[in-house]
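Sequential numbering of the sequence shown, starting at 1, is according to UniProt numbering. Don't be surprised by glycine CBs; every beta carbon is placed ideally from N, CA and C.
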Amino acid sequence: MQREEKQQDAALEAIIMRVNDLKNSIGSMLVKLEHEYETLNWPSFLDNFALMSGHLTTLSKMLSHDKSPPLRNLTVLPLLLSPDRDEELLRLTEGRVPTFSHDLVPDYLRTKPEPDVERQMIQMEHKAANLAYESAQKQVTAYSKVVNHVWDIVSKAREEWESESGSRSAATQTSSVSDTHALVAAVGMGKGLKPMVQQPGPSGAQGMMVAPVGRPGAGGPQQPGSGPMNPNQPGQSEILKNIKRKAFVKLTTLINACIRLNHVPNAWKTAEVIMIPNPVHIDFTNKRNAQQSIFIHGTQVPYANTTKYLGITLDAKLQWKEHIKRKHDELNNKFRKMYWLLGRNSELSIRNKLTLYKQTLRPVCSYGIQLWGCTSESSIQVIHRYQNKLLKCIVDTPWYVRNTDHHDLGIRMVTDIIAKSATS
């Protein structure tokens, strides 16, 4: 019982604090309307409305929280009524209620209904008293019939739902534990995999290098098929030419995992496969038509205007527009995945939301900022605007509030990070 009383006291204290904040914001707005109506502008007026909206939202979330006690189940009873002046009551009510007498209790504690409601209740009671017994019984019978009909509909729907859930739980199993273990053993240790016999065919796949596992010049005898293989040499496997890129990436990952775990089947120890995915070259210059042709083993490497290195997208003129675009898309994708934690309907506190933002989203836009921070102002504004959008959603700020209010949160914007990295 003491625990419940402590929870009620803490909840009431927090609610009183929020109500006082709301009252102060309303009072400040009224003071501005009365005394500063000549200099009051529309943005500051909307800021006051946004502040009141934030207080109301916080108060409603606090009342609807699971840990908040149900205050509607509590009853307030007057223990002492006196017509004398009470200084403590006058201080608590800020001079509005000087006495707690019989005249004020019905209005403040709602122990007496409003005159309109009381008049309607008297009319209904008078109508019920003048109603005949037979007509009253007919109305009760009709009402009971309607209630029983609704009850039958609800019971039938419940039985159908329970039968569907039972049939769903008793559905046939579509997975096999033994097959799962066999697949894990095949991927991790190569268990059960059969060696593939190489078939003679034309030239092999491009973008691939096959080299012997043993070191060149080691002096030991080489196994058959373990020597260097020329892409133009006949006899290379036909399957390596027709394999798809995604399958080849998975195959390379599987081979590297087996080598790392030292569980390589004997049939795999003949060669090492190194993948070169779509090689390109780029010239960093402001000149036009300054591309130079580059050849590797007689094959021309195609030219590209952009390339990605260590998570940073580099373009030929180092204007960073493509990098800014990818950063914006990456921020958007991460925020969509974390919207249930950082969105407007999240029950997390603003402090926890900002902590998640600093740990997950801010590193995305600050990574490599020493390089791409020298881009144009319009490109930086792309990240800056999206950062304002994120902070508005995290703090649950209405759309008409100015973005400069985010500075009160102590969050460094992308322009501040660029300025600090430039001076450090």
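| Item | Value |
| --- | --- |
| Our contact map puts Leu356 next to Leu341 with C-beta atoms below 8 Å; I'd like the distance itself, whole angstroms only. | 6 Å |
| Based on Cα-Cα distance, which residue from Ser176, Val414 and Phe49 lies nearest to Leu397? | The amino acid at residue 397 is misidentified as Leu; the sequence shows Thr. Of the listed residues, the one whose Cα sits closest to Thr397 is Phe49. |
| Look at the alpha carbon of Thr58 and the alpha carbon of Ser346, and state the distance between them as a whole number of angstroms. | 12 Å |
| Please name the residue in Ala186, Pro69 and Arg119 whose C-alpha comes closest to that of Ala10. | Pro69 |
| Which stretch, first to last residue, makes up the alpha helix (DSSP H) that contains Ile411? | From DSSP, Ile411 is part of no alpha helix (DSSP H); its letter is neither H nor E. |
| Any contact between the segment 35-52 and the segment 62-79? By contact I mean 3 or more CB pairs, one from each, below 8 Å. | no |
| What residues in its chain sit with their C-beta under 6 Å from that of Leu51, if we drop five residues either side in the sequence? | Ser25 |
| Going by the CB atoms, is the gap between Glu330 and Thr306 shorter than 7 Å? | no |
| Which two residues bound the contiguous beta strand (DSSP E) that contains Lys325? | Careful: Lys325 lies outside any beta strand (DSSP E), inside the alpha helix (DSSP H) at Lys321 to Lys337. |
| Hey, quick one: how far does the beta strand (DSSP E) through Gln359 stretch, first residue to last? | It is not in any beta strand (DSSP E) - Gln359 carries neither H nor E in the DSSP assignment. |
| Work out the CA separation of Ser379 and Cys258 for me, nearest whole Å. | 45 Å |
| Let me know the alpha helix (DSSP H) ranges lying completely inside the segment 3-70, each 4 residues or longer, listed in chain order. | 42-63 |
| Assuming Ile324 contacts Ile383 (C-beta within less than 8 Å), just tell me the rounded distance between them. | 7 Å |
| Rounded to a whole number of angstroms, what is the C-alpha to C-alpha distance between Thr423 and Arg412? | 15 Å |
| Report yes or no: do three or more beta-carbon pairs, one from the segment 362-380 and one from the segment 25-40, lie closer than 8 Å? | no |
| Could you tell me the alpha carbon to alpha carbon distance between Ser167 and Thr141, rounded to whole angstroms? | 39 Å |
| Are the beta-carbon atoms belonging to Thr375 and Trp320 less than 7 Å from one another? | yes |
| When you compare each of Phe100, Leu361, Lys308 and Ile16 to residue 466 by their alpha carbons, which one comes out closest? | Nothing can be reported for residue 466, as the shown portion of the chain is limited to 1 through 424. |
| Taking its Cβ as the centre, do 16 or more other Cβ atoms sit within 10 Å of Gln300, making it buried, or is it exposed? | exposed |
| Assuming His55 and Arg18 are in contact, meaning their beta carbons sit under 8 Å apart, how far apart are those beta carbons, in whole angstroms? | 6 Å |
| Pull up the DSSP beta-bridge partners for His384, would you. | Note: His384 sits in no beta bridge, so no partner. |
| Nearest-angstrom Cα distance between Arg158 and Asn73? | 30 Å |
| Who does Asp315 pair with in a DSSP beta bridge? | Thr306 |
| Could you say which of Ile418, Leu409, Ile350 and Leu390 lies nearest to Glu377 if we only look at CA atoms? | Ile418 |
| Would you mind stating whether Ala304 and Ile282 have Cβ atoms separated by less than 7 Å? | yes |
| Output needed for Gly85: all residues of its chain with C-beta closer than 8 Å, excluding positions within five of it in sequence on either side, in chain order. | The residue asked about is misnamed: residue 85 is Arg in this sequence, not Gly. These residues qualify, in order along the chain: Pro98 and Thr99. |
| Kindly indicate which three-state DSSP category Ala419 falls into: helix, strand or coil? | helix |
| For Arg260 and Met189, what's the separation of their Cα atoms in angstroms? | 10 Å |
| In this structure, does DSSP put Thr299 in helix, strand or coil? | strand |
| Just to confirm my understanding: we take Leu371, look at its own chain, exclude 5 residues before and 5 after, and list those with CB closer than 6 Å. What are they? | none |
| By the DSSP assignment, the alpha helix (DSSP H) with Gln292 in it spans what residues? | First-last for Gln292: undefined, no H or E at that position. |
| Who are Phe100's beta bridge partners in DSSP? | Ser82 |
| I'd like to know whether the C-beta atoms of Cys393 and Arg344 end up nearer to each other than 7 Å. | yes |
| Could you check whether the Cβ of His323 sits closer than 6 Å to any heavy atom belonging to the ligand PLP? | Inclusion of the ligand PLP in the displayed structure is not the case, the ligand content being empty and no account of it being possible. |
| Straight-line CA distance for Lys23 to Ile16? | 10 Å |
| Going by alpha carbons, who is nearest to Tyr386 out of Lys327, Lys420, Tyr400 and Ser349? | Lys327 |
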